[in-house]
Structures are given as structure tokens and as C-alpha cells.
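Written below as C-alpha cells is the structure these notes are about.
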DNA sequence: GTTATTTTGTAATTCTGGGTACAGAATTTG
DNA sequence: CAAATTCTGTACCCAGAATTACAAAATAAC
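Residue numbers (my numbering), protein chains in the order written: chain L, 11 to 202; chain V, 11 to 202.
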């Protein structure tokens, strides 16, 4: 109906996500975004309205891709405990391999903004819910196959595993985290 | 030797800690600090040099008081598992009772600053180390008394417990955390 | 009581963050 | 092609952040 955009908003959101992930919300300036997305300020504000709106889009995108990746890993065939280990190991390796030590955008945002921004808080809650659901389903399967004791409460165990993931993503940001993360994974698997 | 300070720097650091804890580092302005400490800007900068230096003093103080409180709880008499439960419950209740949902200053600061501020990152690592040590000692005691299986690796289990605490303090900040935290504690105790 | 020293409060000061205004360019529709 | 509409880039704007400057005040030492 009129002049078309010269950039792809979806790609732009992805790029914005990287910036927010690396620097945090408050520390990211409009100029950082303009530089990273390679568009003008006019286009930025025309397309996304405000820094916060763009941030929320980026955070939603992050949640969706991350939870999908976790569910995908947990859904692969094999013994249940091995699948849990694979998922935790993937997360640990991801954090350790990242030279920027960005951790998890959602947990970082929770720490930074959950108190004042309800929308961010709800987004994080949703992400934890999805993570817990995925673990609960897996644990129930493990109890059917006999890999996990039927006396354990799947809901509680799932909450614990989701919490372990959340913790790892913060702990993975402090220096010399490798041994810590390895210990956490080993002890977790031995606790199932 | 000259004019004495009209305020107690120790108390001022405590008050600054409260502000940083509530608002985060970047979101705290010198004006916020001046208001909370009830001193002038001149005094603030004369006494502490810069916002960052004051923040680091506050963070150190936080680490010291928090770790001391945890160690104190874990050192109380009673069965080992009950002591772990008491410590986790105390943390959960603290987070749930706080109307501001501030979580843990050290973990919040890690999420916000660990990537760029080595001093903050090292401080957080130290706090995790102390926490882990306290749990490890307790677990060793549990293995001596037979409360905890001797086949388990105390170091790994301690890392897991410290990580559980770290996770809880983030997770406790999202809405409707009570059930989640209760589940986490129950599953943790059942995993020992 | 004078001097030296440190603290205090107020008033600048500088810089940046987040955003707006606007003129011109690129489209679609008819 | 004209009209209507939406995008783009540049320039501008204003508030507030973090600090500094400085004069006046309070004290200790002599």
C-alpha cells in the first residue's frame, strides 16, 4: 500500500535479541540497536515503537526458541536419565562456550526487571512453566519404564529440574564454572 | 584531625545496599542514594568516591552477612536433612515474604554485571564457593552419621545444593512462586 | 585564637539516553 | 501520472545521570 520496509523485522528482532542478551536491557542504548540492526533511528522507532516494545518482542522470541530447543532435546529417544543429562550438558556447554558469558536472556531479565515489569515477570513464569511441563512428562515416562522410582512426585521433581536449569544459567556466568556445572549435572542425575 | 563525618559510613553502606538490592545497579541513581542515606551529594562522593565503589562495598557487605546467616542455619543441631530443609525454607520464606521480590543481590548483580565487571563476578564466585563449602561440610557429616549414602560425592552434591539455592533466588522473583519453591525443597530433600 | 584539615550543601557541568520532527524517497492504487 | 501512504535518514530536543567545583562550616592541633 506504500513504501515497503528495506529490512526484515523478524531478522531485526533477532539482532536486537543478541544485543539485549549481551548487554542487558538498561545498558542497551538506542544507538547500540541502530548500529546492530544497521537501520536508521527513524526506521527503528517507526517499526517498533520503543526500546521496551522491541525488547519484549526479542524476549518472546527468545523464550520460544529456547523452550523449543529444550523440548526437542528431551524428546529424543533413549533412556530417560540420559536424555536429562543430554539436556543439562547441552546447556552447560552452551554457556561455557559463549565467550561473552551471556547466560540466559530470560533469567537475566528476571533478575533485572521482574520487580518492576510485570510483562517480563509473566514471560519468565511462562518459560519456567513450559520447562517444568517438559520435565514432568519425561519423568512420568521414566516412572512407566521403571527408570525412575514411582514413589517420587513428578511435579516436584520437575520443579527441581527446571530450577536446576535456571540456577546453572546464572552460575555459568561466574568465572571458572566448568567444574561447578559438571558437579551439578552429575549430582542431578544421581539424584533421579 | 579535622571536621568529623556527620553520618556513620557503615550504616550508609547498609542503606545503599538496600537501594541497590531493590533497584539494581544501573537503575539506582546518585539521587536515590542521597535520598536514602539522607546525606548531601558532596558527602556521598567525598566518602565513597563513586557509585561503583559504594556498590562494591555494599555487595561485599551483602555477601558477608548472607553467607554468615546460611552457615549459622546449617550449623544448628539436628538431623542433617532437616538442617538443609530449614536453610532452604528460610530462603524461600524470605523471598516470598519480601513485598519487593528483590531476590538475591549477588545473583541479581551477577546477571546484570558479571559479563563486564570482573570484580562483581569474582565476588559472586566467592559467595558460591562459601555456600558450597558449607553444604559440603554438612553432607560429610551426614555421611558419617549414616543419614546420607556414602556412595554420593559430597563435592558434587554440595555444588548441586548451592546451585539449587541460586536458582530459587531467581525463580522466587517470578509471580506465583510459592508452589514452585515448595516443590523444589521437597524434591531436594527427597534426593539426598 | 589561629591554622590546617576535612566535611557539607548547593550549584554548576558535561554527557548520554531515549525519543521526536520533518523533509524527502519509495511504493500502491486508480 | 497523480494521490495517498508509508518508510528512511538527519537533525534536533529535553530530561536526567554522574560527577565536579567551591564556598562555608566544623573540628583538632598548636
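Positions of the beta carbon are idealized from the N, C-alpha and C atoms, including for glycine.
The region 131-138 of chain V contacting the region 175-187 of chain L, beta-carbon criterion three pairs below 8 Å: yes
Distance between residue 154 (chain V) and residue 188 (chain V) (C-alpha atoms, nearest Å): Numbered from its first residue, the second chain carries residue 188 (chain V) at position 178. Numbered from its first residue, the second chain carries residue 154 (chain V) at position 144. Going by the C-alpha atoms only, they are around 34 Å apart.
7 Å Cβ cutoff met for residue 190 (chain L) and residue 169 (chain V): Here residue 190 (chain L) refers to the residue found at position 180 when the first chain is read from its first residue. Here residue 169 (chain V) refers to the residue found at position 159 when the second chain is read from its first residue. Cβ distance < 7 Å, so residue 190 (chain L) and residue 169 (chain V) count as in contact.
Which listed residue (V:130, V:171, V:25 and V:119) has its alpha carbon closest to that of residue 93 (chain V): Mapped onto the second chain, residue 93 (chain V) falls at position 83. Cα-wise, what sits closest to residue 93 (chain V) is V:171.
Three-state secondary structure assigned by DSSP to residue 141 (chain L): As a working note, residue 141 (chain L) is residue 131 in the first chain. In this structure, residue 141 (chain L) counts as helix in the three-state DSSP scheme.
Burial state of residue 77 (chain L), where buried means 16 or more other Cβ atoms lie within 10 Å: On the first chain, position 67 is the one that residue 77 (chain L) refers to. Buried.
Of the listed residues L:123, L:194 and L:147, nearest to residue 66 (chain L) (C-alpha basis): One-based indexing of the first chain puts residue 66 (chain L) at position 56. It is L:123 whose Cα lies nearest to the Cα of residue 66 (chain L).
Counted within 10 angstroms of its Cβ, other Cβ atoms place residue 41 (chain V) as buried (16 or more) or exposed: Sequence index remark: in the second chain, residue 41 (chain V) carries index 31 (1-based). Exposed is the call here.
Selected residue, minimal CA-CA separation from residue 50 (chain V), among V:17, V:157, V:71 and V:73: By one-based count along the second chain, residue 50 (chain V) stands at place 40. Closest by alpha carbon: V:17.
Those runs of the beta strand (DSSP E) which lie wholly inside the region 41-78 of chain L and span at least 3 residues: none
Proximal chain V residues relative to residue 184 (chain L), where beta-carbon distance stays under 7 Å: Indexing the first chain from 1 puts residue 184 (chain L) at position 174. Residues of chain V passing the Cβ test: 120, 124, 131, 134, 135 and 138.
Proximity to residue 24 (chain V) [Cα-Cα], best of V:13, V:34, V:14 and V:46: What you label residue 24 (chain V) is simply residue 14 of the second chain in a count that begins at 1. Cα-wise, what sits closest to residue 24 (chain V) is V:46.
Cutoff 7 Å; reference residue 158 (chain L); Cβ partners in own chain excluding five residues on either side: The count along the first chain starts at 1 and reaches residue 158 (chain L) at position 148. These residues qualify, in order along the chain: 90, 149, 152 and 202.
First through last residue of the alpha helix (DSSP H) which encompasses residue 1 (chain V): The first residue shown for chain V is 11 and the last is 202, placing residue 1 (chain V) beyond what the model contains.
CB-CB length for residue 32 (chain L) against residue 112 (chain L), believed under 8 Å: Position 22 of the first chain, counting from 1, holds the residue named residue 32 (chain L). Position 102 of the first chain, counting from 1, holds the residue named residue 112 (chain L). Going by Cβ atoms, the distance from residue 32 (chain L) to residue 112 (chain L) rounds to 6 Å, so yes, they are a contact pair.
Chain V contact residues for residue 69 (chain L), given Cβ-Cβ distances below 9 Å: The residue labelled residue 69 (chain L) in the question sits at position 59 within the first chain. Result: empty, since nearest Cβ-Cβ is about 13 Å, beyond 9 Å.
Neighbour flag for residue 34 (chain L) against chain V, beta carbons, 7 Å: On the first chain, position 24 is the one that residue 34 (chain L) refers to. Answer yes: the Cβ-Cβ gap between residue 34 (chain L) and chain V drops below 7 Å somewhere.
Neighbouring residues, chain L, relative to residue 178 (chain V) (Cβ below 9 Å): Residue mapping note: residue 178 (chain V) aligns to position 168 of the second chain, counting from 1. Neighbours of residue 178 (chain V) on chain L, chain order: 173, 176 and 177.
Member of L:145, L:140, L:161 and L:108 whose CA lies at the smallest distance from the CA of residue 179 (chain L): If you number the first chain from 1, residue 179 (chain L) lands on position 169. Measuring from the Cα of residue 179 (chain L), the nearest candidate turns out to be L:108.
Within-7 Å CB hit, residue 181 (chain L) to chain V: Position 171 of the first chain, counting from 1, holds the residue named residue 181 (chain L). Interface residue, yes.
Rounded separation between residue 28 (chain L) and residue 14 (chain V) - CA only: Mapped onto the first chain, residue 28 (chain L) falls at position 18. Mapped onto the second chain, residue 14 (chain V) falls at position 4. Straight-line Cα distance between these residues: approximately 50 Å.
Bounding residues of the alpha helix (DSSP H) (the contiguous stretch that carries residue 19 (chain V)): Here residue 19 (chain V) refers to the residue found at position 9 when the second chain is read from its first residue. From DSSP, the alpha helix (DSSP H) with residue 19 (chain V) extends over 19-33.
Below-7 Å beta-carbon distance, residue 166 (chain L) vs any chain V residue: Here residue 166 (chain L) refers to the residue found at position 156 of the first chain. So, interface residue.
Buried or exposed by the 16-neighbour rule on C-beta atoms within 10 Å, applied to residue 86 (chain L): Here residue 86 (chain L) is taken as the residue at index 76 of the first chain, counted from 1. Burial call: exposed.
Residue 103 (chain V), buried or exposed, once every other Cβ within 10 Å from all chains shown has been counted against 16: Sequence index remark: in the second chain, residue 103 (chain V) carries index 93 (1-based). Under this definition residue 103 (chain V) is an exposed residue.
Endpoints, the alpha helix (DSSP H) within which residue 103 (chain V) is located: Your numbering for residue 103 (chain V) matches position 93 in the second chain. Element bounds for residue 103 (chain V): 90-107.
Within-7 Å CB hit, residue 170 (chain L) to chain V: Position 160 of the first chain, counting from 1, holds the residue named residue 170 (chain L). At least one chain V Cβ lies under 7 Å of residue 170 (chain L).
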